[in-house]
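Here's the structure we're looking at; comments come further down.
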C-alpha cells in the first residue's frame, strides 16, 4: 500500500477482504488495546519501590507520561476512524472529520465511565481533556497532511 494512502484512503476500489485487513482490523485492535489498558487494576500502576522524594518526581513523570499516552492513544484512534470513514462514506471531508471527532469523543467518554468501575481507577475530566486534545491533534495532522499532498499535486 502506498504510504500516502494510509491517511487519504482514496482507493475506494479495495475488495472487502482487503478493506477488513487494512482499515477495519487496525481500528478494532486499537479499540481493544484502549479497553484492555483501561481494565488494568489501578494498583498495577502504583507499585513504585522508591523513597518518598523519588516517588514524588516519578509521580510527576508518570502524570506527564499518562497525559502523553492519552493524547497519543486518542490521536491514533481519530486517525484510524477517519481512515475507515473516508473509505466507506461518500460525504464531504468536513462531515467525515466531524463524525470521526464525535465517535472518538464518545469512545473516550465511555472509556472514562468504564474506568470508574475498575478497582483503583478513576474517571477524570483531565483524562478526557487529554483524550480530546489527542483527537484534535490526530485530525489536524490529517488535515495538514492533505494540504501538503495537495500542494505537491499528488492528491
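Residue numbers (the numbering used here): 4 to 158.
All residues carry an ideal CB built from backbone N, CA and C; glycine is no exception.
Which residues mark the beginning and the end of the alpha helix (DSSP H) in which residue i is found?
i          : result
residue 23 : Element bounds for residue 23: n/a, residue is neither H nor E.
Hey, residue i and residue j are a contact pair by Cβ (cut 8 angstroms); roughly how many whole angstroms apart?
i           : j           : result
residue 26  : residue 86  : 6 angstroms
residue 107 : residue 81  : 5 angstroms
residue 3   : residue 103 : Because the chain in this structure spans residues 4 to 158, residue 3 falls outside the shown range and cannot be described.
Looking at C-alpha atoms only, which residue of the options is the closest neighbour of residue i?
i           : options        : result
residue 37  : 21, 19, 78     : 78
residue 70  : 147, 35, 127   : 127
residue 19  : 90, 67, 76     : 90
residue 136 : 32, 84, 93, 73 : 73
residue 75  : 139, 121, 116  : 139
residue 34  : 23, 94, 83     : 83
Query - Unbroken stretches of the alpha helix (DSSP H), 4 residues or longer, contained in the stretch 64-135 - result: 96-119
Query raised in the report: Is the stretch 100-112 touching the stretch 131-143 in the sense that three or more CB pairs, one from each, lie closer than 8 angstroms?
Result: yes
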